[in-house]
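Worksheet: one structure, shown below.
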Amino acid sequence: MDLPARLAEQQAGGLARRRCIVEGPQQSHLLVEGRELLNFSSNDYLGLANDPSVKQAFIEGANQYGVGAGAAHLITGHTRAHHELEEALAAFTGRDRALLFSTGYMANVGVLSALTSRHEVIYQDKLNHASLIDAGILSRADIRRYQHVDVDNLKRLLDERQGMVVTDGVFSMEGDIAPLKDLAGLARQHDLMLMVDEAHGLGVLGESGQGSASMVGLGQAEVPVLMGTLGKALGTYGAFVAGSDTVIESLIQFARSYIYTTAPPAAIACATLAGLQIVQNEPQRRERLRANIRYFQQLANELGIDAGNNQTPIQPIKFSEIDTLMKVRQGLESKGILVSAIRPPTAPEPMLRITLTSEHQHQDIDRLFAALNQELPND
Ligand SMILES: *Cc1c(COP(=O)(O)O)cnc(C)c1O
486 MDLPARLAEQ QAGGLARRRC IVEGPQQSHL LVEGRELLNF SSNDYLGLAN
536 DPSVKQAFIE GANQYGVGAG AAHLITGHTR AHHELEEALA AFTGRDRALL
586 FSTGYMANVG VLSALTSRHE VIYQDKLNHA SLIDAGILSR ADIRRYQHVD
636 VDNLKRLLDE RQGMVVTDGV FSMEGDIAPL KDLAGLARQH DLMLMVDEAH
686 GLGVLGESGQ GSASMVGLGQ AEVPVLMGTL GKALGTYGAF VAGSDTVIES
736 LIQFARSYIY TTAPPAAIAC ATLAGLQIVQ NEPQRRERLR ANIRYFQQLA
786 NELGIDAGNN QTPIQPIKFS EIDTLMKVRQ GLESKGILVS AIRPPTAPEP
836 MLRITLTSEH QHQDIDRLFA ALNQELPND
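Per this note's numbering: the sequence shown = residues 486 to 864.
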């Protein structure tokens, strides 16, 4: 493959990605290459990534278990700390069992490969996370993608084969919520297994942060496969799948991305247990986040800025031109504000993806809108 040509094409299309170098912990004010930037691009929705008790649990975990897990879960990598975290996650989500994976990407790959066969179909929302799309390809099942949140479109695609319906609970770029009740009804009617990826719902939505499915009253019977990540609102790293004993035992036996990889460090499990406790015991964090979402919506309305109307931490502002998007992003950065610019193929339309956390102050959001007001093209 002509890699230089491919790279040049990426550059010419305005699609080249670059990393910024972060020099401190995740928080609402982020130290980036020597500058302090007001951060609206993190998925650390509850401010747990740098929480003192989460850090303390991590340190104590490292003192007790060392750093490396040394082997896969099925060899000698599965510690008491991992096991306790699995039990706590099962109880939290109201499932029979939970199983830890090293990342959400790997959890999705493991689930779709282990729970479907090549004679089955996987129905996916068009805007599902890239890891679910890739997982579908790896599974060897037949893939059908329905229009975003369009249950009628899904209905028309259904045939008699067995398989799964798979959706993000909260969509990672759009920030909207899947029509979970309708999807659950349809899946049940057609004897399909429903999987919900709660990467952006966990910790944030639902009575105690159990996610988007729990928020609309769906449990294990309706959503047999619940996937959650630990690197977003839970503030640490990794992921889990929760479900029936049969689902979890099948993953242990058949999910290659579970079997053939080193277990995450036990100290991560210790830190996650501490984070999970905070998620359950400090509803005020969710309340602060909700207040910030309301305040953001209010300012957006006042200024006539269309940021969707999401009741989630993810607030997209869409652009027709990549050039304009990149100029606005750069303009915000020159004013000390960090917002990520999302371009195809990550999302079909170029967008600023603004994320809010419980740790933002109203004055931070004021500053964001003052800057947006100056930087956004006025048409
Ligand atoms: C982030 C994300 C993942 C991947 O999780 P990682 O633990 O970061 O690999 C999966 N699904 C969705 C919807 C996500 O946003």
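C-beta atoms are modelled at their ideal positions from N, C-alpha and C, and glycine is treated no differently.
Taking just the CA atoms, how far does L600 sit from R561? The residue labelled residue 561 in the question sits at position 76 within the sequence shown. The residue labelled residue 600 in the question sits at position 115 within the sequence shown. A small fix is needed here, since residue 561 is Thr in this sequence, not Arg. Rounded to the nearest angstrom, the two C-alpha atoms are 25 Å apart.
Can you list the beta strand (DSSP E) stretches of 3 or more residues lying completely in the stretch 710-770, in chain order? 710-714 and 724-728
Whose CA, out of L690, P768 and V606, lies closest to the CA of E645? For this step, residue 645 is matched to residue 160 along the sequence shown. Nearest option by C-alpha distance: V606.
Which residue from E844, Q815 and P829 puts its Cα closest to that of Q859? The residue given as residue 859 occupies position 374 in the sequence shown. When only C-alpha atoms are compared, the closest one is Q815.
Is it the case that the Cβ atoms of G713 and L531 are separated by a distance below 7 Å? Within the sequence shown, numbered from 1, the residue matching residue 713 stands at position 228. Within the sequence shown, numbered from 1, the residue matching residue 531 stands at position 46. No, the Cβ-Cβ distance between G713 and L531 is not below 7 Å.
Give me the residue from V596, A718 and P798 with the minimum Cα distance to Q511. Position 26 of the sequence shown holds residue 511. Closest option to Q511, Cα to Cα, is A718.
My guess is that A592 and V726 are in contact by the Cβ rule of under 8 Å, so how many angstroms apart are they, rounded? The sequence position of residue 592 within the sequence shown is 107, counting from 1. The sequence position of residue 726 within the sequence shown is 241, counting from 1. Yes, they are in contact, since the Cβ atoms of A592 and V726 sit about 5 Å apart, within 8 Å.
Beta-carbon within less than 6 Å of E556's beta-carbon, same chain only, minus the 5 sequence neighbours each way: which residues are those? Indexing the sequence shown from 1 puts residue 556 at position 71. Here residue 556 is Ala; the residue named in the question, Glu, does not match the sequence. These residues qualify, in order along the chain: G562.
Taking all protein chains shown into account, decide if T731 is buried (16 or more other Cβ within 10 angstroms of its Cβ) or exposed. What you label residue 731 is simply residue 246 of the sequence shown in a count that begins at 1. Looking at its Cβ environment, which holds fewer than 16 other Cβ atoms inside 10 Å, T731 is exposed.
Please give the ranges of any alpha helix (DSSP H) in the stretch 776-804, keeping only runs that are unbroken, at least 4 residues long and fully inside the region. none
Does the stretch 696-715 come within contact of the stretch 508-523, defined as at least 3 CB pairs closer than 8 Å? no
Starting from R814, trace the beta strand (DSSP E) both ways and give me its first and last residue. Locating residue 814 in the sequence shown gives position 329, where the first residue counts as 1. Counting along the chain, R814 falls outside any beta strand (DSSP E), though it belongs to the alpha helix (DSSP H) covering I807 to S819.
If you draw a straight line from the alpha carbon of M836 to that of Q632, how long is it in whole angstroms? Indexing the sequence shown from 1 puts residue 836 at position 351. Indexing the sequence shown from 1 puts residue 632 at position 147. About 19 Å.
Distance CB(V655)-CB(G691) smaller than 7 Å: The residue given as residue 655 occupies position 170 in the sequence shown. The residue given as residue 691 occupies position 206 in the sequence shown. Not closer than 7 Å, so no.
3 or more residues per run - each beta strand (DSSP E) lying fully within the stretch 554-631: 582-586, 606-610 and 627-631
Starting from R838, follow its DSSP beta bridges and name the residues at the other end. Counting from 1 along the sequence shown, the entry for residue 838 is found at position 353. P801 and S825, per the DSSP bridge assignment.
Would you call M486 buried or exposed, if buried means 16 or more other Cβ atoms sit within 10 Å of its Cβ? The residue you call residue 486 lines up with position 1 of the sequence shown. Exposed, since its Cβ has fewer than 16 Cβ neighbours within 10 Å.
Might you give, ordered along the chain, the residues of its own chain that have their beta carbon closer than 6 Å to the beta carbon of T797, omitting 5 neighbours on each side? In the sequence shown, counting from the first residue as 1, residue 797 sits at position 312. Answer for T797: V655 and G660, listed in chain order.
Between the Cα of Y872 and those of A490, R852 and S657, spot the shortest distance and give me the residue it belongs to. As shown, the chain starts at 486 and ends at 864. That puts residue 872 outside it, with no answer to give.
Would you call the stretch 583-590 and the stretch 766-775 touching, i.e. three or more CB-CB distances under 8 Å? no
Which of helix, strand or coil DSSP assigns to I662: Reading the sequence shown from its first residue, position 177 is the one you call residue 662. Here I662 sits in strand by DSSP.
Report the residue from V634, S602, E844 and I763 whose alpha carbon sits nearest the alpha carbon of F577. Start at 1 with the first residue of the sequence shown, and residue 577 comes out as number 92. Out of V634, S602, E844 and I763, I763 has the C-alpha closest to the C-alpha of F577.
How would the residue list near ligand 1 read, in chain order, if you kept each one whose beta-carbon is closer than 5 Å to any heavy atom? T588, G589, Y590, H614, S616, D653, S657, D682, A684, T714, G716 and A724
Cutoff 6 Å; reference P749; Cβ partners in own chain excluding five residues on either side: Numbered from 1 along the sequence shown, position 264 holds the residue referred to as residue 749. So the qualifying residues of the chain are S587 and G723.
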